[in-house]
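For the sequence shown, position 35 (counting from the first letter as 1) is numbered 560 according to this note's numbering, and the numbering increases by one without interruption.
Every residue gets a Cβ at the ideal spot worked out from N, C-alpha and C, and that includes glycine.
Source: prediction; values computed, not measured.
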Amino acid sequence: MKQTTLFNGRRLNYYSEGPSAEAVPLVLLHGFCEDSGLWAPLKPFLSGIRIVRVDLPGFGSSDVPLVPGMDMYADAVCAVLNELDIARCVLVGHSMGGYAALAFARQYPERLAGLGLFHSHPFADEPERRENRQRGIDLLRAGRKNQYVGQLFPGLFAPDFARAHPDVVDALIRRGRRQSTAGIVAALEGMKERPARLDTLEALTCPVLWVLGECDSIVPPDQALKAALLPAISAVQLLPRIGHMGMYEASEPSARILKEFRQFCIS
Ligand code: MLT
Numbered sequence: 526m527k528q529t530t531l532f533n534g535r536r537l538n539y540y541s542e543g544p545s546a547e548a549v550p551l552v553l554l555h556g557f558c559e560d561s562g563l564w565a566p567l568k569p570f571l572s573g574i575r576i577v578r579v580d581l582p583g584f585g586s587s588d589v590p591l592v593p594g595m596d597m598y599a600d601a602v603c604a605v606l607n608e609l610d611i612a613r614c615v616l617v618g619h620s621m622g623g624y625a626a627l628a629f630a631r632q633y634p635e636r637l638a639g640l641g642l643f644h645s646h647p648f649a650d651e652p653e654r655r656e657n658r659q660r661g662i663d664l665l666r667a668g669r670k671n672q673y674v675g676q677l678f679p680g681l682f683a684p685d686f687a688r689a690h691p692d693v694v695d696a697l698i699r700r701g702r703r704q705s706t707a708g709i710v711a712a713l714e715g716m717k718e719r720p721a722r723l724d725t726l727e728a729l730t731c732p733v734l735w736v737l738g739e740c741d742s743i744v745p746p747d748q749a750l751k752a753a754l755l756p757a758i759s760a761v762q763l764l765p766r767i768g769h770m771g772m773y774e775a776s777e778p779s780a781r782i783l784k785e786f787r788q789f790c791i792s
C-alpha cells in the first residue's frame, strides 16, 4: 500500500506490503536515478514476507530534499520506520541505496537485524569518479537530463542481457527520465561527498549480506570483496554472468537470497 509521511516538512513516499504483523520486515532501498518500483521484479517471489520500499527523497513520489547526503537518506528511512512503528528491520540497498543503508548502519545500528549490500560497497569515490559525477551535475544543470539518463542505464546490465532485453533497459531509461533533475543532482552530490564506511562495517554486530554480479562494471566483485571480511558475520553471494541489476537479470535467485538472508537474521 502506498503511504506518505512528512520528512523535514517534505513528502516522503513509501510502500508497506505483506503481513503487517511481522515484526522485522525487509526494507528495500533503490539506487541512483531509480525509485521503489525498481524492486517490482522480485515481488512475485517475495510473497508472504513483509516488505517496505522507500522512494528516497528526490525520487519517485518523494519530494526533493532540502540538503543532499547519504545521512539525509538514512534519516528518511528512519522516519519511515518510526511512522510504521518498526523497531528493527533487515535493510537492503541497491548500489546508491547500499551507500544510504551504510549511513543508516552508522547512525542507527540498533535498528538493524541485518544489512544487505546489493551490488554495493563501502568505499568512498575515487577522484575520477567524483569528476564524472561533477560532469553529470553540470550536464543536468544545463538541461540535458534526457541525454544523461539515456547514457546511464545500458552499461548497468551484463552486455548479453542488455542485448536480449532492450525493453527492460528502455523502461528504466523512461522511468529515469521521469525523476526530477533536482533529485538526481542531489543524489550525485551526496554520492560524491560520501565517506568510506569501513569502520561502520567493522563495528556492526548484525549479519551483512553482499550480493555481487560477476559482470558488474559499476561495483566489480573483487572491489567489494576487499571489505567482506570486515563485519563480524558476512554472507557473500556471487551471481554468475550478472551485471549491476540482479533484480532484473536474476529475479528469482535474487529474491531467494534476500528471503533466506532475512530468515537467517531473524532466526
Ligand atoms: C547506482 O546504481 O546507484 C549507482 O550506479 C551507484 C554509483 O554510481 O556509485
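| said: Any contact between the segment 630-637 and the segment 686-697? By contact I mean 3 or more CB pairs, one from each, below 8 Å. | reply: No, the segment 630-637 does not touch the segment 686-697.
| query | Which residues in the same chain as Val744 place their Cβ atom closer than 8 Å to its Cβ, once the five residues preceding and following it in sequence are excluded? | reply | Ser620, His644, Ser645, His646, Leu737, Gly738 and His769.
| field | Residues sharing a beta bridge with Gln672, DSSP | value | Paired residues: none, contrary to the question.
| task | Express the C-alpha separation of Ala711 and Pro720 in angstroms, rounding to a whole number. | result | 16 Å
| request: Name the two residues that bound the continuous beta strand (DSSP E) containing Tyr633. | output: Unbroken run through Tyr633: none, as it is neither H nor E.
| Proximity of Lys751 and Asp650 at Cβ, strictly below 8 Å | No; because the gap between Cβ atoms is not below 8 Å, this pair is not in contact.
| query | Does the ligand MLT have a heavy atom nearer than 7 Å to the CB of Ser561? | reply | no
| message | Can you tell me where the beta strand (DSSP E) holding Lys527 begins and where it ends? | response | Note, Lys527: beta strand (DSSP E), Lys527 to Phe532.
| Phe678 beta carbon near the ligand MLT (any heavy atom closer than 7 Å) | Not under cutoff, so the answer is no.
| CB-CB under 8 Å to Tyr782, same chain, minus the five flanking residues each way: which ones, in chain order? | Note that residue 782 corresponds to Ile in the displayed sequence, not to Tyr. So the qualifying residues of the chain are Leu734, Val736 and Gln762.
| field | Nearest neighbour of Cys740, chosen from Val552, Leu681 and Ala599 [CA to CA] | value | Leu681
| field | Contacting residues, own chain, Cβ-Cβ under 8 Å from Gly573 (five flanking each side not counted) | value | Result list for Gly573: Gly543 and Pro544, in chain order.
| field | Within 8 Å, strictly: CB atoms of Arg578 and Leu553 | value | yes
| query | Going straight from the alpha carbon of Phe789 to that of Leu677, what length do you get? | reply | Phe789 and Leu677 have their C-alpha atoms some 35 Å from each other.
| task | Spatial neighbours of Ser541 within its chain, please: CB distance less than 7 Å, with the 5 preceding and 5 following residues excluded, ordered by chain position. | result | Met526, Gln528, Val577 and Leu609
| said: Mapping the DSSP letters down to three states, classify Gly701 as helix, strand or coil. | reply: helix
| query | Candidates Arg636, Lys568 and Pro569: which alpha carbon is nearest Thr730's? | reply | Arg636
| message | So, does the segment 579-587 touch the segment 596-606, judging by three or more C-beta pairs under 8 Å? | response | yes
| Who sits around the ligand SAM, taking every residue whose Cβ is closer than 5 Å to one of its heavy atoms? | This structure lacks the ligand SAM; the ligands present are the ligand MLT.
| field | Glu542 - DSSP class collapsed to helix/strand/coil | value | strand
| request: Enumerate in chain order the residues of its own chain whose CB-to-CB distance from Phe648 is below 6 Å, with the five nearest sequence positions on each side excluded. | output: Ala721.
| request: Run the CB neighbour count on Leu531, radius 10 Å, all protein chains shown included, and call it buried at 16 or more, exposed below. | output: With a 10 Å radius around the Cβ and a threshold of 16 neighbouring Cβ atoms, Leu531 comes out exposed.
| CB contact flag (Ala775, Leu764, <8 Å) | yes
| Can the beta-carbon of Gly583 be found less than 8 Å from the beta-carbon of Gly661? | no
| task | For my contact list, Leu551 and Arg787 are in at a C-beta cut-off of 8 Å; report their separation, rounded to the angstrom. | result | 5 Å
| task | Go to Cys790, then tell me how far its alpha helix (DSSP H) extends in each direction, as first and last residue. | result | Ser776 to Ile791
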